[in-house]
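**Student:**
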Amino acid sequence: MRVSRILGARVLGTAAAAALLLSAAGCSASDAKEAPASASGDGFPVTIEHALGTTTITAKPKRVATVAWANHEVPLALGIVPEGMSKATWGDDDGDGILPWVEDRLEELGGKTPVLFDETDGIDFAAVSDTAPDVILAAYSGLTQEDYDTLSKIAPVVAYPDTPWGTSLEDMISLDSRALGLEQEGEQLNAELREKAEASLAAHPELAGKKALFAFMNPSDLSKIGFYTVHDTRPGFLAGLGLPQPEAVEAESEKTGEFYVEYSSEMADEFDDVDVFVTYGDPDGDLVKQLQTDPLISQIPAVKAGRIAILEDSTPLAASANPSPLSIDWGIDDYFDVLADAAGKTGE
Numbered sequence: 187m188r189v190s191r192i193l194g195a196r197v198l199g200t201a202a203a204a205a206l207l208l209s210a211a212g213c214s215a216s217d218a219k220e221a222p223a224s225a226s227g228d229g230f231p232v233t234i235e236h237a238l239g240t241t242t243i244t245a246k247p248k249r250v251a252t253v254a255w256a257n258h259e260v261p262l263a264l265g266i267v268p269e270g271m272s273k274a275t276w277g278d279d280d281g282d283g284i285l286p287w288v289e290d291r292l293e294e295l296g297g298k299t300p301v302l303f304d305e306t307d308g309i310d311f312a313a314v315s316d317t318a319p320d321v322i323l324a325a326y327s328g329l330t331q332e333d334y335d336t337l338s339k340i341a342p343v344v345a346y347p348d349t350p351w352g353t354s355l356e357d358m359i360s361l362d363s364r365a366l367g368l369e370q371e372g373e374q375l376n377a378e379l380r381e382k383a384e385a386s387l388a389a390h391p392e393l394a395g396k397k398a399l400f401a402f403m404n405p406s407d408l409s410k411i412g413f414y415t416v417h418d419t420r421p422g423f424l425a426g427l428g429l430p431q432p433e434a435v436e437a438e439s440e441k442t443g444e445f446y447v448e449y450s451s452e453m454a455d456e457f458d459d460v461d462v463f464v465t466y467g468d469p470d471g472d473l474v475k476q477l478q479t480d481p482l483i484s485q486i487p488a489v490k491a492g493r494i495a496i497l498e499d500s501t502p503l504a505a506s507a508n509p510s511p512l513s514i515d516w517g518i519d520d521y522f523d524v525l526a527d528a529a530g531k532t533g534e
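In structure tokens form, the structure reads like this:
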């Protein structure tokens, strides 16, 4: 995974999460053009337009490869074990390159572990090619045009609809499932995930109407406040569930397609309407103290009151803040517990 995205798992914070389903980013998957059904009645060929071109899949794929964060969870959720998928390098709890909710699903399906593509330095094109895929899923990704063109020499590629790393969970599922000939199943999956997330949110009334800022803070340099726009799945997920966004997030989301931006800490007053300050780090460390003693950042009301939610860095729960097809059922309640606990603090 590229450094720019890793800024987005720490800066998944960067390896990596969903608009659950309604991120403001990108065009909707429903805007993608549909090819007429084939004579065999299986729905193929399928044509999908995206930011990097137009992809036609002539027949139902039998071998699936995925690249980038979470795309492999779509076929897995729909009962298909991919031949190869991106190796987890952030949030992996046991060092095997597979997040726990993916391990659980593979066990349920009785499937062998797919080939794991190490994307630390970019797409491993040779490894992808070796899996001999019929389709490559990358609806949620930051593929460059060069990446896309190279992958397209291997198999048809489904890229993001508009903005790099700006695909909502809903659109990722819709696009990837269409490419598999499982569009209706994808729609059902989206509905089930929304129902699960809405039920969990309702069980955490402390979060009703609250504005959460997803920030990335470097403890060794607090001169900047990095935060995610709704083009990213973290804020997009909450926005999709009807939670309001801080004014700074809304403003930046309107004027940029970037999933992550930075403000000087001298602009801390731009975050006066933030109810919960969410970031990554060690919950038992000194980060809260650092934030509350910094002369600028401490002026943010949420920080001053201690309404700071720290997701333990590089853990599965932190990774699940980027909601994905399998992580929601695995950890949405625990995730909302962390946010709700912070929202309820009064600073006394």
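Going by this note's numbering, the final residue of the sequence shown carries number 534, and the count climbs one at a time with no gaps.
Just so you know, even glycine gets a beta-carbon here, dropped at the ideal spot from N, CA and C.
Taking Cβ to Cβ, would you say GLY283 is nearer than 7 Å to LYS273?
**Tutor:** Numbered from its first residue, the sequence shown carries residue 283 at position 97. Numbered from its first residue, the sequence shown carries residue 273 at position 87. Against a cut-off of 7 Å, the Cβ pair of LYS273 and GLY283 comes out as a contact.
**Student:** For the beta strand (DSSP E) that contains LEU477, what are its first and last residues?
**Tutor:** The residue you call residue 477 lines up with position 291 of the sequence shown. From DSSP, LEU477 is part of no beta strand (DSSP E) but of the alpha helix (DSSP H) over 473-479.
**Student:** I need the boundaries of the alpha helix (DSSP H) containing LEU368, first residue and last residue.
**Tutor:** Sequence index remark: in the sequence shown, residue 368 carries index 182 (1-based). Here LEU368 belongs to no alpha helix (DSSP H), and DSSP marks it neither H nor E.
**Student:** Could you check the C-alpha separation between GLU448 and LEU497 for me, to the nearest Å?
**Tutor:** Position 262 of the sequence shown, counting from 1, holds the residue named residue 448. Position 311 of the sequence shown, counting from 1, holds the residue named residue 497. Each residue's alpha carbon lies about 20 Å from the other.
**Student:** Specify, as a first and last residue, the run of the beta strand (DSSP E) that VAL447 falls within.
**Tutor:** The residue given as residue 447 occupies position 261 in the sequence shown. 446-450 is the span of the beta strand (DSSP E), which, as asked, contains VAL447.
**Student:** Mark THR532 as exposed unless 16 or more other C-beta atoms lie within 10 angstroms of its C-beta, in which case mark it buried.
**Tutor:** In the sequence shown, the residue the question calls residue 532 occupies position 346. So THR532 counts as exposed.
**Student:** Write down the C-beta distance between GLY372 and ARG364 rounded to the nearest angstrom, noting that I regard them as a contact closer than 8 Å.
**Tutor:** Residue mapping note: residue 372 aligns to position 186 of the sequence shown, counting from 1. Residue mapping note: residue 364 aligns to position 178 of the sequence shown, counting from 1. So it is a contact: roughly 7 Å between Cβ atoms.
**Student:** Would you check if the distance between the CB atom of ALA529 and the CB atom of VAL462 is smaller than 7 Å?
**Tutor:** Sequence index remark: in the sequence shown, residue 529 carries index 343 (1-based). Sequence index remark: in the sequence shown, residue 462 carries index 276 (1-based). Contact flag set, yes.
**Student:** Using 8 Å for Cβ pairs, my map puts SER327 next to ALA345. What's the rounded Cβ distance?
**Tutor:** Residue mapping note: residue 327 aligns to position 141 of the sequence shown, counting from 1. Residue mapping note: residue 345 aligns to position 159 of the sequence shown, counting from 1. Yes, they are in contact, since the Cβ atoms of SER327 and ALA345 sit about 7 Å apart, within 8 Å.
**Student:** Output needed for ASN257: all residues of its chain with C-beta closer than 8 Å, excluding positions within five of it in sequence on either side, in chain order.
**Tutor:** Looking up residue 257 in the sequence shown gives position 71. Hits under 8 Å: MET271, SER272, LEU323, ALA324, ALA325, TYR326, SER327, MET358, ASP362.
**Student:** Nearest-angstrom Cα distance between LEU512 and THR252?
**Tutor:** Taking the first residue of the sequence shown as 1, we reach residue 512 at position 326. Taking the first residue of the sequence shown as 1, we reach residue 252 at position 66. The alpha-carbon atoms of LEU512 and THR252 are separated by roughly 15 Å.
**Student:** When DSSP labels each residue in this structure, what does ALA221 get in the three-state scheme?
**Tutor:** Here residue 221 is taken as the residue at index 35 of the sequence shown, counted from 1. The predicted position of ALA221 is uncertain, since its pLDDT is 35 and thus under 50; a value taken from the coordinates is nonetheless stated next. Reduced to three states, the DSSP call for ALA221 is coil.
**Student:** Would you say ARG249 and ASP348 are within 7 Å of each other, going by their C-beta atoms?
**Tutor:** Counting from 1 along the sequence shown, the entry for residue 249 is found at position 63. Counting from 1 along the sequence shown, the entry for residue 348 is found at position 162. Not closer than 7 Å, so no.
**Student:** When you compare only the Cα positions, how much space is there between ILE483 and ILE518?
**Tutor:** In the sequence shown, counting from the first residue as 1, residue 483 sits at position 297. In the sequence shown, counting from the first residue as 1, residue 518 sits at position 332. Answer to the nearest angstrom: the Cα atoms are 29 Å apart.
**Student:** Could you check the C-alpha separation between LYS382 and GLU305 for me, to the nearest Å?
**Tutor:** Within the sequence shown, the letter at position 196 stands for residue 382. Within the sequence shown, the letter at position 119 stands for residue 305. For LYS382 and GLU305, the distance between alpha carbons rounds to 31 Å.
**Student:** Does the Cβ of GLY281 have 16 or more other Cβ atoms within 10 Å, making it buried, or fewer, making it exposed?
**Tutor:** Stepping through the sequence shown from its first residue, residue 281 is reached at position 95. Counting Cβ neighbours within 10 Å, GLY281 comes out exposed, since fewer than 16 surround it.
**Student:** In this structure, what does DSSP give as the bridge partners for LEU323?
**Tutor:** As a position in the sequence shown, residue 323 is number 137, starting the count at 1. DSSP, once it has assigned bridges, lists THR252, VAL344 as partnering LEU323.
**Student:** Express the C-alpha separation of THR415 and SER510 in angstroms, rounding to a whole number.
**Tutor:** Sequence index remark: in the sequence shown, residue 510 carries index 324 (1-based). Sequence index remark: in the sequence shown, residue 415 carries index 229 (1-based). Cα to Cα, SER510 sits roughly 18 Å from THR415.
**Student:** So, for LYS397: in the same chain, excluding its five sequence neighbours on each side, which residues have a beta-carbon less than 7 Å away from its beta-carbon?
**Tutor:** Position 211 of the sequence shown, counting from 1, holds the residue named residue 397. Cβ within range, chain order: PRO430, GLN431, PRO432, ASP459, VAL460, ASP461.
**Student:** Would a C-beta distance cut-off of 7 Å place THR242 and THR233 closer than the cut-off?
**Tutor:** Taking the first residue of the sequence shown as position 1, residue 242 is located at position 56. Taking the first residue of the sequence shown as position 1, residue 233 is located at position 47. Result yes, Cβ atoms of THR242 and THR233 sit closer than 7 Å.
**Student:** Look at the alpha carbon of LEU208 and the alpha carbon of THR419, and state the distance between them as a whole number of angstroms.
**Tutor:** Here residue 208 refers to the residue found at position 22 of the sequence shown. Here residue 419 refers to the residue found at position 233 of the sequence shown. Residue confidence for LEU208 is low, a pLDDT of 33 falling below 50, so the modelled location carries little weight; the figure read from the coordinates is stated next. Cα to Cα, the separation comes out at about 9 Å.
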